[in-house]
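Taking the numbering used here, the leading residue of the sequence shown gets 4, the next gets one more, and so forth. Using N, Cα and C, we set each Cβ at its ideal position, and we do this for glycine too. The structure presented is a predicted model; accordingly, all values stated were derived computationally and were not measured. The structure appears right after this line, and notes come after that.
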Amino acid sequence: MTAAAPVAIVVSLVLGFDVVEHEASRALVHRDADFVGATTCQRCHPDQHATWDRTFHSSMTQYADPDSVVGVFDGRSVTFYGKSACVFRDGERFLMDLPAKGGGRRTAEVALTVGSRRYQQYFERIERREGVVMRRLPLLWHIEAKRWLHLNGVFLGSDDANWEKHTQNWNQNCIFCHNTGPRPGYLTGGSERELLASAERTFDSKVAVLGIACESCHGPGRAHVERYQGIATRYGDYLVADNDTRIVHPNKIDKERSVGVCGQCHGQRVPKPLQRYWEWRRTGPTFRSGDHLSDHVTPVRPDTPVGDDSGVFAARFWGDGTPRLTAYEYQGVTMSACYLKGSMTCGTCHSMHGDDVHGQVKPGMRTDRACLQCHAKIGNDIQAHTKHAPASSGSRCLECHMPRIVYGIVEAHRSHRIDVPDAARDVEHGRPNACTLCHLDKSPIWAGDKMRELWGESYRRPAKRPSGAPLTLPDASASLLAGDPVQRFVFARSAGRLDAPVAPADKAELRVVLQTTLLDAYPSIRWRAQKSLVALERELPLGIGQDLARWDHEGEIVARKEVAHRLLGSFARLGLGKLRQPARTTLLGPELRPNLKLMRSLLNLQSKSAISIGE
Numbered sequence: 004m005t006a007a008a009p010v011a012i013v014v015s016l017v018l019g020f021d022v023v024e025h026e027a028s029r030a031l032v033h034r035d036a037d038f039v040g041a042t043t044c045q046r047c048h049p050d051q052h053a054t055w056d057r058t059f060h061s062s063m064t065q066y067a068d069p070d071s072v073v074g075v076f077d078g079r080s081v082t083f084y085g086k087s088a089c090v091f092r093d094g095e096r097f098l099m100d101l102p103a104k105g106g107g108r109r110t111a112e113v114a115l116t117v118g119s120r121r122y123q124q125y126f127e128r129i130e131r132r133e134g135v136v137m138r139r140l141p142l143l144w145h146i147e148a149k150r151w152l153h154l155n156g157v158f159l160g161s162d163d164a165n166w167e168k169h170t171q172n173w174n175q176n177c178i179f180c181h182n183t184g185p186r187p188g189y190l191t192g193g194s195e196r197e198l199l200a201s202a203e204r205t206f207d208s209k210v211a212v213l214g215i216a217c218e219s220c221h222g223p224g225r226a227h228v229e230r231y232q233g234i235a236t237r238y239g240d241y242l243v244a245d246n247d248t249r250i251v252h253p254n255k256i257d258k259e260r261s262v263g264v265c266g267q268c269h270g271q272r273v274p275k276p277l278q279r280y281w282e283w284r285r286t287g288p289t290f291r292s293g294d295h296l297s298d299h300v301t302p303v304r305p306d307t308p309v310g311d312d313s314g315v316f317a318a319r320f321w322g323d324g325t326p327r328l329t330a331y332e333y334q335g336v337t338m339s340a341c342y343l344k345g346s347m348t349c350g351t352c353h354s355m356h357g358d359d360v361h362g363q364v365k366p367g368m369r370t371d372r373a374c375l376q377c378h379a380k381i382g383n384d385i386q387a388h389t390k391h392a393p394a395s396s397g398s399r400c401l402e403c404h405m406p407r408i409v410y411g412i413v414e415a416h417r418s419h420r421i422d423v424p425d426a427a428r429d430v431e432h433g434r435p436n437a438c439t440l441c442h443l444d445k446s447p448i449w450a451g452d453k454m455r456e457l458w459g460e461s462y463r464r465p466a467k468r469p470s471g472a473p474l475t476l477p478d479a480s481a482s483l484l485a486g487d488p489v490q491r492f493v494f495a496r497s498a499g500r501l502d503a504p505v506a507p508a509d510k511a512e513l514r515v516v517l518q519t520t521l522l523d524a525y526p527s528i529r530w531r532a533q534k535s536l537v538a539l540e541r542e543l544p545l546g547i548g549q550d551l552a553r554w555d556h557e558g559e560i561v562a563r564k565e566v567a568h569r570l571l572g573s574f575a576r577l578g579l580g581k582l583r584q585p586a587r588t589t590l591l592g593p594e595l596r597p598n599l600k601l602m603r604s605l606l607n608l609q610s611k612s613a614i615s616i617g618e
């Protein structure tokens, strides 16, 4: 045992207190089959356990107590969509006073938390005649913003006064990827057809470990533990470098099985065959680390059918098949030439036991080093490859080949489909183009012409946008006004980047379009637009900082719209003398006056469908 061994282990040895037995005594935790739990691994691997314990994987799912709950339950009242709730504590209990579904009020006690990085969701325990359901409560605490939000404001849907819209059961969804060794324990009782239609589903759910622990990635550990009970075997295998340890190291298996370790959760999937759905609902997934993922599941693609419907998942992908939601990283990686023609796996850039808990990225892998470790020759003359100044964002590998075009948890993330930008392909498939995500004042026609000029005859101008918006407009402006929900969010986020090659005084059109986006029907898009406007206001103040600070994307609708209309009405007056009149634009008339007629026509092209995220 090392000097760094946790206190819990010392206590267990000295006083006979069994940490594993104590953990397994809690209601949801049950060690059957081949799982042993993270505390067993800790006894021989204290350093690895410590590096895992500080990650957000370890705290993904927790029992609600003063150590796990990060939300502020201080008795405050919060109002969303015309209804109010009160969040408060009673000793070590965390409670919400909520509007009841049929009218009146009800009090819900938080039993379980999910999430500990960007936001934390809360679940109540509902006991039924048989079994228990963990039901998601309608409010979450956004950790980075330090505020309460309604669930309706963090998914890609429009404003909805239905407080119960996203209050689903943990037992039939979250349990699968946010825990180790999940067994949903669906209690059938009647026919499966009756249960499928019933709102009163019930479960006897168990997990080997709450949260994402050792055996999620390394496989069940019982055989490994039993093999190394004796010190002679332990050191004997070490001396002869015996790899038959009955445990999986994701970086020491072939690339197909390696990416499957992460893909079991970071790759939305359906059982294979689909008829095993009911088996999953009862006993959990059959995949174990080290297996071939495709033997157990069908990774979701745009045309993956559910019954007779082959379009149920299409909206989760861009038109060219590139994933556009988080939890599809596996699909992105396995579409990439770096994987298909090379040896890249998740472990090429990520480490679960490193120092970076925000993304678990290896040192240097947020920089060009991620690509240059394989493409070293390009690094010898980066400008010859990128046609951009070496120090500019246009010479950063990730900006071009892994742009932020993926939506999840109210943020735009990097695409894990590593590919080459193509203005025609991207724009014609509704996918944000890496060039115009940076050149925010440029049109798709400009992007196509410039790519052809710099990189050759294989590139061309786009023929049309899916929305029908004019190709002569800047891509950012057209996408913010006429795009679908993911397009609008992605460009709302990109509009606030300060490394774009657009001078602050030349962002007049971008700023007026962002201010228009404060009126968007989707609260998550409004919030992202507000954040970008705050960034641009800091870059070049127009005197709207106080209005932006007071404006609430989930606030009362009349107050929200009053502020947004006031900002639009005063834009020309506040911008004159600070912002330059765009040389070529139809969205801004003389003296920076917004062309509201054209803006309305573009807004009428907007896709207002909700994007089912699957969370």
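Contact annotation: residue 427 and residue 464 have beta-carbon atoms nearer than 8 angstroms. Within the DSSP bridge table, the entry for residue 136 names 129 as partners.
A Cβ-Cβ separation of about 5 angstroms places residue 209 in contact with residue 186 under the 8 angstroms criterion. Spatial neighbours of residue 592 in its own chain (CB-CB distance under 7 angstroms, excluding positions within 5 residues in sequence) are listed in chain order as 598.
The residue among 602, 523 and 534 with its C-alpha nearest the C-alpha of residue 159 is 523. Note that the C-beta distance between residue 143 and residue 31 is not below 8 angstroms. Of the residues assessed, residue 241 falls on the exposed side of the cut-off, its CB having fewer than 16 other CB atoms within 10 angstroms. Our two residues, residue 609 and residue 257, have alpha carbons roughly 45 angstroms apart in a direct line. Assignment of residue 542 by DSSP, reduced to helix, strand and coil, places it in the helix class. By the criterion of a C-beta distance shorter than 6 angstroms, residue 594 is surrounded in its chain by 575, once the five residues flanking it on both sides are discounted. Secondary structure at residue 80: strand, using DSSP grouped into helix, strand and coil.
A residue is called buried when at least 16 other Cβ atoms come within 10 angstroms of its Cβ; residue 612 does not meet this threshold and is exposed.
Close CB contacts of residue 602 within its chain, under the 7 angstroms cut and outside five residues either way in sequence, are with 484, 519 and 590 (chain order). Within the stretch 94-120, the complete beta strand (DSSP E) segments at least 3 residues long are 96-102 and 108-117, listed from N- to C-terminus. Every alpha helix (DSSP H) of 4 residues or more that sits fully in the stretch 532-576 is shown, in chain order, as 548-553 and 560-572. Taking a contact to require three or more Cβ pairs closer than 8 angstroms, the stretch 315-329 and the stretch 425-442 qualify as touching.
In the structure shown, the three-state DSSP call for residue 411 is strand. Looking at the backbone, the Cα of residue 113 and that of residue 45 are separated by about 29 angstroms. With a cutoff of 8 angstroms on beta-carbon distance, residue 264 and residue 274 are scored as not near each other. Bounds of the alpha helix (DSSP H) holding residue 389 are 385-389. In this structure residue 366 is exposed. Its beta-carbon is surrounded by fewer than 16 other beta-carbon atoms within 10 angstroms.
For residue 229, the number of other beta carbons within 10 angstroms of its own is below 16, and it is reported as exposed. Residue burial is scored here from C-beta neighbours: residue 127 has at least 16 other C-beta atoms within 10 angstroms and is therefore classed as buried. Residue burial is scored here from C-beta neighbours: residue 82 has fewer than 16 other C-beta atoms within 10 angstroms and is therefore classed as exposed. Around the beta carbon of residue 457, a 10 Å sphere encloses fewer than 16 other beta carbons of the protein chains shown; the residue is thus reported as exposed. In this chain, the alpha helix (DSSP H) harbouring residue 52 covers 49-56. With contacts defined as CB atoms closer than 8 angstroms, residue 472 and residue 582 fail to qualify as a contacting pair. Separation of residue 244 and residue 278 (C-alpha to C-alpha, rounded to the nearest whole angstrom) is 43 angstroms.
For residue 241, the enclosing alpha helix (DSSP H) covers residues 234-242. Per the DSSP secondary-structure output, residue 212 pairs in a beta bridge with 183. The DSSP-derived three-state label of residue 172 is strand. Take residue 364, set aside five residues on each side of it, and the residues of its chain with a beta-carbon closer than 8 angstroms to its own are 352, 353, 354 and 357, in chain order.
The beta carbon of residue 468 is closer than 8 angstroms to those of 430, 431, 433, 447, 474, 481 and 485 in its chain, skipping five residues each way along the sequence.
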